[in-house]
Every structure is written in structure tokens, then in C-alpha cells.
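Reading through the C-alpha cells given below for one structure.
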Amino acid sequence: MVDADVNKISNELENADLEVYPLFGEHDFIVISEFGDSKTTASNLIEKIHPIDGVVKNKTLVGSEISSLDSK
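Take a look at the structure:
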């Protein structure tokens with residue numbers, strides 16, 4: 029999730045080849061991307077999101093896929 033000056037960065041986030049959705053509430057945008065491993069994720073965050081003028085802070089959430097919940 030990204031907190032930012034909305035008018036400054038909405039176009040820049042979309043131009044960074046990221047999936048961007050505006051939010052209402054505590055955060056301004058959610059940016060969804062699949063970068064692969066954690067090293068690639070960190071690198072892309074540093075290269076694609078942090079340099080955008082107007083980004084105040086971000087919160088990175090990592091999702092996972094659970095293949096089976098059965099433990100029979």
C-alpha cells in the first residue's frame with residue numbers, strides 16, 4: 029500500500045508498469061505486482077516505487093498461495 033500526494037504520482041505509478049488501484053481511507057493506492065522472490069521484490073520496490081516524487085511511505089504485504097488445507 030502506498031501513501032502519497034495523489035495528484036503527483038497516480039500517473040507515474042501506472043507508467044511504472046504496475047497494477048494500481050486507488051483506495052479510500054488510510055492509504056491512497058494499492059499496487060499489485062508479482063516480482064518473484066523476495067530479492068527481486070525488494071529490488072523492484074527500490075527501483076520502481078521509492079524514486080517517485082511524492083511517495084511518502086509504503087507498506088509491503090506479501091501474499092502466498094496455499095495448495096492444500098487438508099491434513100488428513
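In my numbering, the protein residues as written are 29 to 100.
For glycine and all other residues, C-beta sits at the position ideal for the given N, C-alpha and C.
Source: prediction; values computed, not measured.
Handout entry: Through-space distance from residue 86 to residue 56, alpha-carbon basis
Key = For the purposes of this step, residue 56 is taken as the residue at position 28 of the sequence shown. For the purposes of this step, residue 86 is taken as the residue at position 58 of the sequence shown. Their backbone Cα atoms lie some 10 Å apart in a straight line.
Practice task
Report yes if the C-beta distance between residue 61 and residue 47 is below 8 Å; otherwise report no.
Solution key: In the sequence shown, residue 61 corresponds to position 33, counting from 1. In the sequence shown, residue 47 corresponds to position 19, counting from 1. Against a cut-off of 8 Å, the Cβ pair of residue 47 and residue 61 comes out as a contact.
Handout entry: Option nearest residue 41 by Cα separation, candidates 81, 53 and 66
Key = Within the sequence shown, the letter at position 13 stands for residue 41. If we check each option's Cα against that of residue 41, 81 comes out closest.
Practice task
Please classify residue 94: is it buried, with 16 or more other beta-carbons within 10 angstroms of its beta-carbon, or exposed?
Solution key: In the sequence shown, the residue the question calls residue 94 occupies position 66. When all chains shown are included, residue 94 counts as exposed.
Practice task
Check whether the Cβ atoms of residue 37 and residue 90 sit closer than 8 Å, and answer yes or no.
Solution key: Stepping through the sequence shown from its first residue, residue 37 is reached at position 9. Stepping through the sequence shown from its first residue, residue 90 is reached at position 62. Cβ atoms of residue 37 and residue 90: not closer than 8 Å.
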